[in-house]
Amino acid sequence: MTWTWRYEGDDGAIVTVGGASSSESFTSQGDAETWLGETWRDLLAAGVLQVTLLDAGRRIYGPMSLRPVT
0 MTWTWRYEGD
10 DGAIVTVGGA
20 SSSESFTSQG
30 DAETWLGETW
40 RDLLAAGVLQ
50 VTLLDAGRRI
60 YGPMSLRPVT
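For the sequence shown, numbering that gives the first Met the number 0 gives the first residue as 0, with consecutive numbering after it.
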């Protein structure tokens, strides 16, 4: 299984960051979620407004907003 985060704008359109439209690959859902917890602020600053978690291209959950709750 290959877990990745797909980067999206508010409308669900794919957002490219550093030439990529998704995160690096992870071997587990937990690793992918930990990575996102550590990098969401950088993604938000780069224009990613929401993400969707994929397992081998199949949507697991999302879209999930990266904006902080105010």
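C-beta atoms are modelled at their ideal positions from N, C-alpha and C, and glycine is treated no differently.
Asked: Inter-residue CB distance, residue 27 and residue 2 (contact presumed, cutoff 8 Å); Found: 7 Å
Asked: Paired residues, beta bridge with residue 50 - DSSP; Found: 6, 63
Asked: Under the three-state DSSP convention, the category residue 44 falls into; Found: helix
Asked: Distance CB(residue 7)-CB(residue 14) smaller than 8 Å; Found: yes
Asked: Cutoff 6 Å; reference residue 43; Cβ partners in own chain excluding five residues on either side; Found: 65
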